[in-house]
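Structure, as structure tokens:
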Amino acid sequence: MLTLLPIDVLLISACTWLAIGVTGLAAPHNLRFVGKFLFPLGALVGLLAGLTALEFLGASPEVAVLAIGLPNLPFHLRLDNLTAVFVLLLGFTTVGISIFAAGYFRKGEGTAPGLQCLQYHFFLASMLLVLLADDAYAFMVAWEGMALSSFFLVTADHRHAEIRRAGYLYLLIAHVGAIAILLSFGVMTSGSGDYTFDGMRAQAHTPFWASLAYLLALAGFGAKAGLLPLHVWLPEAHPAAPSPVSAMMSGVMLKTAIYGLLRVSFDLAGAPQWWWGVVAMGIGLATAVFGVLYSAVQSDMKRLLAYSSIENIGLLAVGLGLTLIFHSYGMEILAALTLTAVFYHCLAHAVFKSLLFLCTGSVLHATRERSLGKLGGLIHRMPWVAWLALVGVIASAGLPPLSGFVSEWLLLQGFLFSPGLPHPWLNMVVPVAAAVVALVAALAGFAMVKFFGIVFLGQMREPALKDARDAGPWERVGLVWLAGLTLLLGVLPSTVIGLIDAATRQLLGTGLADKVDAHSWWMLAPISPARASYEPLIFLATIVAAALIGRALVRRLYHGRMRRTPAWDCGYIFRGPRAQDTAEGFSQPIRRIFEPMFRMERHFPTSRDAQPYYSVKVGDRFWYWLYLPLVRLVNGVSTLITGLQGGRIAIYLLYSFLTLIVLLLVARP
Amino acid sequence: MNADMPLSAQLINLFASVILLLAFAMLAQRRVLTLINLFALQGLTLCLSTLVVAFTTGQAHLYWSAALTLLLKALLLPWILHQLVRKLNVKSEIEALINIPATMLVGIVLVMVAFNVALPISELSQTITRGTLGIALAVVLLAFLMMITRQKAITQVVGFLSMENGLFLAATSATYGMPMVVELGIALDVLIGAIILGVFFFQIREQFDSLDIRHLEKLKER
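This is the structure in structure tokens:
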């Protein structure tokens, strides 16, 4: 009797994804076959992987050794609870995105659908392998596969120069990050030549080398996740990519970087130092504030969401840092609390950010417009997309009763316990960090109100928007799936914490589940009900009841006297869509308050202009502080080196000849 | 010469010095066809030297190497090069970047360097052929020098192939030859390399109406 272990099922899933991708090549231009058959099949495989991970959670680790790889260095795979949580995330998010993608791809948009199908499923399979890899070699192969396939997905519409540019920037930073990760693995093998993760765990690292490995991993995975200052690819690549790809990258791929960071800092690098946490927290805070501020001032809806992803990654880094601090001082319960918050936020963000990106995809297809200034009032034409986007927006803004609130609330709970830290400086600094996190959460709410309000509410800013059509059935199913998950993550926190507890327990030795399970399933009280508790279901019921009662009251009291009229115009003569608040106008207070943070190029109209206009371009200061000087340096050095390239073959041969002679003379025994 | 040296060792040294002599002859040669013939002669001598080594040491696989050398370097490659010269109508005169006497002087310096460098290595080696390592290295460097100082693409290929001769000699003299797999691989490399370069010649001539590599200077960036 052949029994299939969960790890086998996951391997089969990865292979099936690859097979689906290759099948797509057989009929690259057959949109019907690729869209209506292959992508839903991929979604089914995703569901299988997710369910397998769900079933596995809590079990003991499984290993497998594949016969492929280098001689004497086969691929080692391992499925443990940390992996399972992220496979769960990958699988369930994929279901929604793949189903959406089934209805999304159209004829004549960039790469042939079959080819995109191959790249997309290769991307999925390599992400799964990244999570399963148990040696540095397999990890790097999968990691690079992930980077390359996503690069081709980003540049799907490669006829536009700006998209090619975005793809190049992405690939460049991905490679810089990969080098750092490779070096980190190299440090962790301690020269033993054993590249399996087991071998790394067995090494006794000195604090110096462990810290070096951690910092390299932070830089490398930070580049992929979008931590400052390696974030610049993110707001370029996400708008360039097709929407399902943006959703996949933002929702899932960024989380693989968080996975890597967790794997290295808790599992491989040895006992953490307390200052590791401070570094992660500092970078995370800076990233979160930066991300949310830039998110609030964007006028391109996908860029807005991309910056919002940066903010969420920042929050995750803050959570990770706090966990490291608690863990290094042996305060395992609190570490478990913040680590649970990190896992929860990973899940929550994966789902709601994919949902939002997919909604922008639907809007983009319906209107061919990404600029917020040309959208508006779409809730009348696209009610499905608008209401489902509202779910994502509420979650993203961190409002109860949806998923974003739970994780941010858990994180803040963790902060509230930080005065117990046995370190006077940390005692003083960490509460400030809590305040910054609260600020970020509030500004995220602002950015989300802007996103939803400008796109879906008010009047249509362009007459062409009247022809906008709602999302098709496939797209609706995908969106509903993700919105449903968001709701589930929001109202069943105790159940979800019970699931991810196995991973927390694996990394820290203790979990939150016994604390949480001590109370009823509908109440979440991470430490004790006396301190803080949260009952999402009651919250949801109250909101629903209030809405229903309000509606009933309005019906009863004003029945028959309701009429639709234009809003009161304060007596102005001119009235129309142009008189609405614009995206730029909406975020003007943020731009004003945080002016030093932005690099703005503004044009103000003067009284003598024949055609007065106002424009504002918000640029990233890091371009001017870090990247452009670096580019200038590299250009300078390469100009010097170009001098070597005379063009004469004899000279080139002379170079190698002289090198050979010198080496022979120098390396004499 | 050392009187108590066995005949085989003397033969090997003789062949090695003939190879070196031929390398100098190639460096000094002005005519393309003669150059190719010299190269074929070098291949033949290499084959003979390998045969002697194989016979003396009883290494069976060296017979195969010798046969391969004969087939490839003494017969096939010279034939291909002859064909190329005929088809391309190469001018028989070779133009050198540095004049021939100066090149020869540089070559002598290179031989001294090679012997100097090879001395400590050949002392470590236990093989009967260890004395020829310096010669092998010198042949490599001389071939390299030929590639640098000549302007015709075809002489560059001959230089490249002659360099491989030197490497082969070094392998036989230091360790009684490389493993058969490696040797086969290199032989194939050389053959394919020569064929690809032949194709390139046609392309280069098509483009520039000449095989002079100075024309390739235009190909650089900016």
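So the sequence lines, in the order shown, correspond to chains A and B.
Going by this note's numbering, the first sequence opens with residue 1, and the numbers climb by one from there.
Going by this note's numbering, the second sequence opens with residue 1001, and the numbers climb by one from there.
The beta-carbon is built from N, C-alpha and C at its ideal position, and this holds for glycine as well.
A quick note: this is a predicted structure, and the numbers were derived from the prediction, not measured.
Tell me Arg599/A's beta-bridge partners as DSSP assigns them.
DSSP, once it has assigned bridges, lists Gly619/A as partnering Arg599/A.
Which of helix, strand or coil does DSSP assign to Gly69/A?
In this structure, Gly69/A counts as strand in the three-state DSSP scheme.
Closer than 8 Å by beta-carbon distance: list the chain A residues that pair up with Val1052/B, in chain order.
None at all; the shortest Cβ gap to chain A is about 28 Å.
Going along chain B, which residues have a C-beta under 7 Å from Ile661/A?
Result: Val1113.
Quick one, which of Arg381/A, Asp501/A, Ala546/A and Ser295/A has its alpha-carbon nearest Glu584/A's?
Ranking the options by Cα distance to Glu584/A, first place goes to Ser295/A.
Quick check on DSSP: helix, strand or coil for Tyr534/A?
In the structure shown, Tyr534/A sits in a strand (DSSP, three-state: E or B).
Count the other CB atoms within 10 Å of the CB of Ile651/A; is the residue buried (16 or more) or exposed (fewer)?
Result: exposed.
On a Cα-Cα basis, can you pick out the residue from Ser243/A, Ala219/A and Lys255/A that is closest to Thr83/A?
Answer by Cα proximity: Lys255/A.
DSSP beta-bridge partners for Thr196/A?
Its beta-bridge partners are Asp135/A.
Are any of the Cβ atoms in chain A nearer than 8 Å to that of Met1104/B?
Not an interface residue.
Verify whether the separation of the beta carbon atoms of Leu169/A and Leu131/A is less than 8 Å.
Result no, Cβ atoms of Leu169/A and Leu131/A do not sit closer than 8 Å.
Please report the distance separating the alpha-carbon of Met1001/B from that of Ala1009/B.
With a pLDDT of 44 at Met1001/B, under the threshold of 50, the predicted position of this residue should be treated as unreliable, though the coordinate-derived value follows. Their Cα atoms are separated by approximately 11 Å.
Taking all protein chains shown into account, decide if Trp568/A is buried (16 or more other Cβ within 10 angstroms of its Cβ) or exposed.
By the 10 Å Cβ count, Trp568/A comes out exposed.
Determine, using beta carbons only, whether Phe185/A comes closer than 8 Å to chain B.
Cβ-Cβ to chain B under 8 Å: no for Phe185/A.
Can we say the stretch 374-384 of chain A touches the stretch 585-602 of chain A, given the rule of at least three CB pairs closer than 8 Å?
Contact fails: fewer than three Cβ-Cβ distances are below 8 Å.
On a CA-only basis, which of Phe415/A, Trp274/A, Ala483/A and Gly472/A is nearest Leu347/A? Give me that one, please.
Ranking the options by Cα distance to Leu347/A, first place goes to Ala483/A.
Does DSSP put Ser371/A in a helix, a strand or coil?
In this structure, Ser371/A counts as strand in the three-state DSSP scheme.
Applying the criterion that 16 or more other CB atoms from any shown protein chain within 10 Å of the CB defines a buried residue, is Trp276/A buried or exposed?
Buried: at least 16 other Cβ atoms inside 10 Å.
Whole angstroms are fine: how far does the CA of Thr1149/B sit from the CA of Glu1183/B?
Near 29 Å, if we compare the C-alpha coordinates of Thr1149/B and Glu1183/B.
Among the residues of its own chain, which have a CB less than 8 Å from the CB of Phe1024/B, if the five just before and after it don't count?
Met1104, Gly1107 and Leu1142.
Taking the alpha helix (DSSP H) that Cys1047/B falls in, what are its first and last residues?
It spans Val1032 to Thr1057 - the alpha helix (DSSP H) in which Cys1047/B sits, taken as one unbroken run.
Would a check of beta-carbon distances place Leu640/A closer than 8 Å to chain E?
Note that chain E does not occur in the displayed structure, where the protein chains are A and B.
At a Cβ threshold of 8 Å, is Val1117/B touching chain A?
At least one chain A Cβ lies under 8 Å of Val1117/B.
Please report whether the beta-carbon of Leu1097/B lies at a distance below 8 Å from any beta-carbon of chain A.
So yes, Leu1097/B belongs to the interface.
Quick one, are the C-beta atoms of Ala223/A and Gly177/A less than 8 Å apart?
Closer than 8 Å, so yes.
Anything in chain A within Cβ reach of Met1147/B, meaning under 9 Å, just list it in chain order.
Chain A residues near Met1147/B: Ile649, Ala650, Leu653 and Phe657.
Evaluate contact between the stretch 280-294 of chain A and the stretch 410-428 of chain A, counting only Cβ atoms and requiring at least three cross-stretch pairs below 8 Å.
Counting Cβ pairs under 8 Å, fewer than three are found: no touch.
Closest by CA to Val1139/B, which one among Ile1012/B, Leu1027/B and Leu1014/B?
Nearest C-alpha to Val1139/B: Leu1027/B.
Restricting to Cα atoms, I'd like to know which of Pro401/A, Ala138/A and Leu51/A is closest to Val85/A.
Nearest of Pro401/A, Ala138/A and Leu51/A to Val85/A, Cα basis: Leu51/A.
Tell me which residues share the same chain as Gly458/A and place their Cβ nearer than 6 Å to its Cβ, disregarding the 5 neighbours each side in the sequence.
Cβ neighbours of Gly458/A beyond the five flanking positions: Gly376, Gly377 and Gln580.
Given a cut-off of 8 Å on the beta-carbon distance, is the pair Gly478/A and Ile99/A in contact?
Cβ atoms of Gly478/A and Ile99/A: closer than 8 Å.
Residue range of the alpha helix (DSSP H) that Cys15/A falls in?
Counting along the chain, the alpha helix (DSSP H) containing Cys15/A begins and ends at Pro6 to Ala26.
Can you list, in chain order, the residues of its chain with a C-beta nearer than 7 Å to that of Ala552/A? Leave out the 5 residues immediately preceding and following it.
So the list is empty, once near-sequence residues are dropped.
Under a three-way DSSP split, which group does Arg555/A fall into?
In this structure, Arg555/A counts as helix in the three-state DSSP scheme.
Go through its chain and collect everything with a Cβ distance to Val343/A's Cβ below 8 Å, but skip five positions before and after it.
The amino acid occupying residue 343/A in the given sequence is Phe; Val does not appear at that position. For Phe343/A, where only same-chain residues beyond five positions count, the Cβ hits under 8 Å are Val85, Ile500, Ala503 and Thr504.
Quick one: which chain A residues come within Cβ less than 8 Å of Phe1208/B?
By Cβ distance, chain A contributes nothing, its closest Cβ being about 13 Å from Phe1208/B, past 8 Å.
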